[in-house]
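First to last, the protein sequences are chains A and B. Just so you know, we're using UniProt numbering here: the first sequence kicks off at 1 and counts up by one. Just so you know, we're using UniProt numbering here: the second sequence kicks off at 1 and counts up by one. Accompanying notes for the structure given below.
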Amino acid sequence: MSVQNLNSFDPFADEGDPLEDSQNVGSQANYIHIRIQQRNGRKTLTTLQGLPKQYDAKKLLKAFKKEFACNGTLVDDEEMGRVIQLQGDQRSKISTFLIEHQVDKSTIKVHGF
Amino acid sequence: MSEPLFDPSLKKRKKKQVQFTVDPLGADADPTAPAPDTIDSTTADGTTVDMGSSTAHEQMKLNGDTEAPKPAAAAEEEDEMKAMFGDLKKKKKKKVPMDLGEDSGSSTPVAAGASTPDVGAAAGEAVEDTDFSDLKKKKKSKKKANFDLEAFEKELQSSAGGADAADGDDDVQPTPAVDLDDDADLGDDPFAQPSAGEVLASVSSGNEAWLTSDRDYTYPELLGRFYESLHIANPSLLSASGGKRYTIAPPSIHREGTKKSIFANVSDICKKMHRQPEHVIAFLFSELGTNGSVDGAGQLVIKGRFQQKQIENVLRRYIVEYVTCKTCKSPDTLLTKENRIFFMACESCGSRRSVNAIKSGFVAQVGKRSRNKTG
Numbered sequence: 001m002s003v004q005n006l007n008s009f010d011p012f013a014d015e016g017d018p019l020e021d022s023q024n025v026g027s028q029a030n031y032i033h034i035r036i037q038q039r040n041g042r043k044t045l046t047t048l049q050g051l052p053k054q055y056d057a058k059k060l061l062k063a064f065k066k067e068f069a070c071n072g073t074l075v076d077d078e079e080m081g082r083v084i085q086l087q088g089d090q091r092s093k094i095s096t097f098l099i100e101h102q103v104d105k106s107t108i109k110v111h112g113f
Numbered sequence: 001m002s003e004p005l006f007d008p009s010l011k012k013r014k015k016k017q018v019q020f021t022v023d024p025l026g027a028d029a030d031p032t033a034p035a036p037d038t039i040d041s042t043t044a045d046g047t048t049v050d051m052g053s054s055t056a057h058e059q060m061k062l063n064g065d066t067e068a069p070k071p072a073a074a075a076e077e078e079d080e081m082k083a084m085f086g087d088l089k090k091k092k093k094k095k096v097p098m099d100l101g102e103d104s105g106s107s108t109p110v111a112a113g114a115s116t117p118d119v120g121a122a123a124g125e126a127v128e129d130t131d132f133s134d135l136k137k138k139k140k141s142k143k144k145a146n147f148d149l150e151a152f153e154k155e156l157q158s159s160a161g162g163a164d165a166a167d168g169d170d171d172v173q174p175t176p177a178v179d180l181d182d183d184a185d186l187g188d189d190p191f192a193q194p195s196a197g198e199v200l201a202s203v204s205s206g207n208e209a210w211l212t213s214d215r216d217y218t219y220p221e222l223l224g225r226f227y228e229s230l231h232i233a234n235p236s237l238l239s240a241s242g243g244k245r246y247t248i249a250p251p252s253i254h255r256e257g258t259k260k261s262i263f264a265n266v267s268d269i270c271k272k273m274h275r276q277p278e279h280v281i282a283f284l285f286s287e288l289g290t291n292g293s294v295d296g297a298g299q300l301v302i303k304g305r306f307q308q309k310q311i312e313n314v315l316r317r318y319i320v321e322y323v324t325c326k327t328c329k330s331p332d333t334l335l336t337k338e339n340r341i342f343f344m345a346c347e348s349c350g351s352r353r354s355v356n357a358i359k360s361g362f363v364a365q366v367g368k369r370s371r372n373k374t375g
């Protein structure tokens, strides 16, 4: 057994940078937001907003559609930029998909109930 | 909804508490944390842990001031503990049926329920069985911890795994459904916590394992030893932690027609959280991606169908974001607005931080386009 006391241990490792989000108060630019919206009946829409520039939204949408077996579209919003819109509740699937493809987990925010 | 008199709400309390101790192990392992806080976090996740610390304390009482009781006394203590467990089991029996009545609205899904004994009990499975299995597991591992190193290391690993699991914030986890996320957290924590509690308990029961073998002592063992001597020195620390916990009545949701939901006790909940109803409502609407209004009776009418559990999840997230102090986890905070930025000041530790403004984000066009004036 290795000597535990000699291992370097950062007690604040899980705290993160305390000034991290105070730099840009109120701006949501850094997060990928995954939201859900109710339609009529049991139907829902999932929207993905704030995709970083280095990802090609069109290709990602295609991959989503194939992977989740749902339809979807790209919406250009004046304020929010490009938004991927998928049919059905795909929030958890999207987040696992993104995490699996090396998108940082801390930048993804899942909203909704 | 009126506050239940006492114990019946304990299950609820547990649920509510888990969210505040997002990283209970981390807090536990942090030696700089003030002692009462840490004790709180150990009690947060369930009666099992509660029991552990209380037994440790009881043992201290039993042992008087002896710092390192002899192993011979261990058997005796075991009996005492058995008696205590029995006692606790009875208590649990009493609690659980009431919980069922209360919880039935928001019954937890079986997938999450099966993974944790506590939640499983809430889901209405065989209550006594889970209790027994819980006890058995605990006892076994405790005995093992006294003897062999392997089991101890396993425990360590499991606790480390628990720490990892707890590390991930409650927001995103690769679980099959987002609805389950909070429950998954609930499921993880009780597992992570008891192992730590057991480590503490097994160490504090006096027979420090490293005394008999020539292996190195581990961090949790030393930590347990530290807390033991700390509590012997200041018994008041233990009793102080048992006091108040943060509870909120569950939201009462019912349907108006087919397309609207009514959230009846918004104002009560807002009062309890010391937040402006407008703020809470804005958060609800932005999270749910919908809108609504407040009717004459102070009830909130939300467009769309929502269940109590869903609203509860959103409220839980609201509490984490806007009510609990990030530094000391206390819910006694004030939210003030200065220059369009919200600041949250903690009443108990004095910390002050800015919180994110509520932004609704992208809202897709739903329904007929002709209804939308801009479209």
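Using N, Cα and C, we set each Cβ at its ideal position, and we do this for glycine too.
(request) Let me know the secondary structure DSSP gives R255(B) once reduced to three states. (result) strand
(request) Report the option in S293(B), C270(B) and S261(B) whose CA atom is closest to the CA atom of F306(B). (result) S261(B)
(message) With a threshold of 7 Å on Cβ separation, who are the neighbours of N265(B) within its own chain once the five nearest residues in sequence on each side are excluded?
(response) M1, A249, P251 and S252
(message) Just checking: is the beta-carbon of residue 133(A) within a distance shorter than 8 Å of some beta-carbon in chain B?
(response) Any question about residue 133(A) goes unanswered here, given that chain A covers just 1 to 113.
(message) For R369(B), count the other beta carbons within 10 Å of its own beta carbon; 16 or more makes it buried, fewer makes it exposed. Which is it?
(response) exposed
(request) Kindly indicate which residue of S354(B), S348(B) and S330(B) has the alpha-carbon position closest to the one of I341(B). (result) S354(B)
(message) Quick check: the Cα distance between A364(B) and K62(A), rounded to an integer number of angstroms?
(response) 19 Å
(message) Excluding the 5 residues flanking N30(A) on each side, which residues of the same chain have their C-beta closer than 6 Å to its C-beta?
(response) none
(message) Can you give me the C-alpha to C-alpha distance between N71(A) and L335(B), rounded to a whole angstrom?
(response) 42 Å
(request) For F263(B), name the three-state secondary structure that DSSP assigns. (result) strand
(request) Taking C-beta pairs closer than 8 Å, name the residues in chain A that T290(B) reaches, listed in chain order. (result) Q37 and Q38
(request) Given a cut-off of 8 Å, decide if G296(B) and K303(B) are closer than it, judged by their beta-carbon atoms. (result) no
(request) Just mark R275(B) as buried or exposed, buried being the case when its beta carbon has 16 or more other beta carbons within 10 Å. (result) buried
(request) Output the distance between the C-alpha atoms of S27(A) and L230(B), rounded to the nearest integer angstrom. (result) For S27(A), the predicted model reports a pLDDT of 45, less than 50, meaning its position is unreliable and no value from the coordinates is stated.
(request) Tell me whether R82(A) sits in a helix, a strand or coil according to DSSP, three-state version. (result) strand
(request) Only counting runs of 3 or more residues, tell me where the beta strand (DSSP E) segments fall wholly within the UniProt domain "Translation initiation factor IF2/IF5" (243–352) of chain B, in order along the chain. (result) 253–256, 260–263, 292–294, 300–303, 333–338 and 341–346
(message) Strictly below 8 Å CB to CB, what residues from chain A border A364(B)?
(response) Q37, L45, T47, V75, V83 and Q85
(message) Let me confirm a value: K359(B) is counted as buried when at least 16 other C-beta atoms fall within 10 Å, else exposed. Which label applies?
(response) exposed
(message) Can you confirm whether R316(B), when its beta carbon is compared against all beta carbons of chain A, has any partner nearer than 8 Å?
(response) no
(request) Determine, using beta carbons only, whether residue 378(B) and I311(B) come nearer to each other than 8 Å. (result) Past the edges of chain B, shown from 1 to 375, lies residue 378(B), and the structure says nothing about it.
(request) Mind reading off the beta-carbon distance from L45(A) to Q102(A)? Whole number of angstroms is fine, and I expect it under 8 Å. (result) Rounded, the Cβ-Cβ distance is 26 Å, inconsistent with contact.
(request) With 9 Å as the C-beta to C-beta threshold (strictly closer), list the residues of the region 295–306 of chain B near chain A in chain order. (result) K303, G304, R305 and F306
(message) If we require 3 or more residues per run, which beta strand (DSSP E) segments fall completely within the UniProt domain "SUI1" (32–102) of chain A?
(response) 32–38, 44–49, 72–77 and 81–87
(message) At the 8 Å Cβ level, is F64(A) part of the contact set with chain B, yes or no?
(response) no
(request) Taking only beta carbons into account, state which residues of the region 100–112 of chain A come closer than 7 Å to chain B, listed in chain order. (result) K105, I108, K109, V110, H111 and G112
(request) Could you pull the start and end residues of the alpha helix (DSSP H) that I232(B) belongs to? (result) Y219 to A233
(request) Report the rounded CA-to-CA distance for I99(A) versus S106(A), giving the unit in angstroms. (result) 10 Å
(message) When you compare the CB of G350(B) with every CB in chain A, is at least one pair closer than 8 Å?
(response) no
(request) Would you mind telling me which residues of chain A sit closer than 7 Å to E287(B), beta carbon to beta carbon, in chain order? (result) H111 and G112
(request) Please state if the CB of Q37(A) and the CB of V366(B) are separated by a distance shorter than 8 Å. (result) yes
(request) Please determine if the region 341–351 of chain B and the region 64–82 of chain A are in contact, where contact requires at least 3 C-beta pairs separated by less than 8 Å. (result) no
(request) Sort C325(B), V301(B), E338(B) and T333(B) by Cα distance to H254(B) and report the nearest one. (result) V301(B)
(message) Tell me which residues share the same chain as L74(A) and place their Cβ nearer than 7 Å to its Cβ, disregarding the 5 neighbours each side in the sequence.
(response) A57, K58, L61, R82 and I84
(message) In the DSSP assignment, the beta strand (DSSP E) including I108(A) goes from what residue to what residue?
(response) I108 to V110
(request) Measure the alpha-carbon distance for E278(B) versus D216(B) and round it to whole angstroms. (result) 57 Å
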